[in-house]
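Q: Here's a structure for you.
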DNA sequence: TGACGAACCGAACGGTCGTGCTATTTTGAG
DNA sequence: CTCAAAATAGCACGACCGTTCGGTTCGTCA
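Chains as they are written, first to last, in our numbering: chain Y, 130 to 331; chain E, 130 to 331.
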């Protein structure tokens, strides 16, 4: 790794932490330069524009998400255990120490939901991929016989997604002590519903 | 209503719309002044500081939420119908025409979750109140015999909250066409669970 | 008629923003 | 050790930021 790449990587790590606190738009070149001990122009040379910096912050986060959430879960046994691992890793992700301000995707989602551009495209693509990963894990659980055969995996992914996103707000904004417990209970209810035999549900 | 109050009200209406698009922090005095056809200083005179402006925007939103979501639901029959009305009104709220950028509370939650101050305090208080309204509606449904007698109403409110917040992301960011259908289905599953008789659930 | 207060404007302040330009230093390969 | 290339600094720019202040218009009431 050359010096430039090393610096760039260091900057992105710091930028991700900063972005989780103040949002993608809130990451100013000057503030970021101070944090990593570079001059504004010195740092700017690594990123052609602020928009490009934002895209690269998102790309960094997406890569980390794959490493920290998806990859370890893939090593779990196919079926329900893998689905559970995906969800639990997801909860850990939201409180990762490299994102002191919380999940960057949620912050970015609010900022970008109405602002077209490459940053939004990247975010939307990654979130759709993630929903598809959840759905596919549920599909596998169906084939393994863990989940009922008539399960709507798109519905399952949607509900899991909502539970995790909701958790972020209840725990971070409201600081509800029972948040984690309730979120897990909600997820168990989702799993139970997915597990119910078709005949019993019909 | 005096001239000043009229202007202030007009400004707040416009500010709420703007804030839903660019966030509370994104509402700059200059931009807002342009929108309502005032000078920066003329507008500023109505609000002692930017922080105060943000608080008043939130207060305006909270008042509208009470009018648009809570009040009409209170007129519905006690019990499950009222719970359903609260949820359905909530979904309507998130796409109200006076908030073209989506629910202001979600935008504010992301901005304020780690920024102490009066704006955060107001937001947190209102959201806790809202969760309590949901829980109380569920409690009434218990007493009416619509919901099972051993229902955890805090859990119920938490899950309903998550479903609605999740919906906002899936519909606004991902623009998933099936979002509304899936969100409603998730809510029906929550209602079903709340309705199940204690003996059957134990 | 004259005074007063409310409502609003214009100009300006110090700061920070993103982004160019030109140097200067540092790195790494031959 | 050399020297081109890469990495970083210094500086300046125009734009916008929140905020202050002194002035102007105008309706109200004595």
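We treat Cβ as the ideally placed atom computed from N, Cα and C, and that holds for glycine. If you're wondering where the values come from, they're calculated on a predicted model, not measured in any experiment.
Name the two residues that bound the continuous alpha helix (DSSP H) containing residue 213 of chain Y.
A: Residue 213 of chain Y -> alpha helix (DSSP H) spans 209 to 222.
Q: Taking buried to mean at least 16 other C-beta atoms within 10 Å of its own C-beta, is residue 254 of chain E buried or exposed?
A: Classification of residue 254 of chain E: exposed, given that the 10 Å Cβ count is below 16.
Q: I'd like to know if residue 185 of chain E contacts chain Y, where contact means its C-beta is closer than 8 Å to some C-beta of that chain.
A: So no, residue 185 of chain E is outside the interface.
Q: Would you give the residue range spanned by the alpha helix (DSSP H) that residue 148 of chain Y belongs to?
A: Note, residue 148 of chain Y: alpha helix (DSSP H), 132 to 151.
Q: Output yes or no for whether 8 Å exceeds the beta carbon distance between residue 303 of chain Y and residue 256 of chain E.
A: It is a contact, given that the beta carbons lie within the stated cut-off.
Q: Entirely within the segment 240 to 291 of chain Y and at least 4 residues each: give me those alpha helix (DSSP H) ranges in chain order.
A: For the segment 240 to 291 of chain Y, whole alpha helix (DSSP H) runs of length 4 or above, ordered along the chain, are 247 to 272.
Q: Check whether the Cβ atoms of residue 144 of chain Y and residue 187 of chain Y sit closer than 8 Å, and answer yes or no.
A: No, the Cβ-Cβ distance between residue 144 of chain Y and residue 187 of chain Y is not below 8 Å.
Q: Find the residues of chain E that neighbour residue 288 of chain Y, judging by a C-beta separation of less than 7 Å, and give them in chain order.
A: Chain E residues near residue 288 of chain Y: 315.
Q: Return helix, strand or coil for residue 315 of chain Y, following the three-state DSSP convention.
A: Correct three-state label for residue 315 of chain Y: helix.
Q: With residue 215 of chain Y and residue 263 of chain Y assumed to form a contact (beta carbons below 8 Å), what rounded beta-carbon distance in angstroms separates them?
A: About 6 Å separates the two Cβ atoms, so the contact holds.
Q: Counting contacts by CB-CB distance shorter than 8 Å, is residue 307 of chain Y in contact with chain E?
A: For residue 307 of chain Y, the answer is yes, since a Cβ of chain E falls inside 8 Å of its Cβ.
Q: Counting Cβ pairs closer than 8 Å, one from the segment 308 to 317 of chain E and one from the segment 268 to 284 of chain E, do we hit at least three?
A: Because the criterion of three Cβ pairs below 8 Å is not met, the segment 308 to 317 of chain E and the segment 268 to 284 of chain E do not touch.
Q: Run through DSSP, which three-state label would residue 326 of chain E get?
A: Residue 326 of chain E falls in the coil class under three-state DSSP.
Q: Hey, could you find the ends of the alpha helix (DSSP H) residue 304 of chain E is sitting in?
A: Taken as a continuous stretch (DSSP letters only), residue 304 of chain E belongs to no alpha helix (DSSP H), as it is neither H nor E.
Q: Looking only at its chain, what residues have a beta carbon closer than 6 Å to the beta carbon of residue 282 of chain E, apart from the 5 residues adjacent to it on each side?
A: 264, 267, 268, listed in sequence order.
Q: What's the C-alpha gap between residue 301 of chain Y and residue 156 of chain E?
A: Approximately 23 Å between the Cα atoms of the pair.
Q: Ignore the nearest five residues each way along the sequence and tell me which others in residue 218 of chain E's own chain have a CB closer than 7 Å to its CB.
A: Counting only Cβ-Cβ distances below 7 Å, and skipping sequence neighbours, we find 197, 198, 201, 202.
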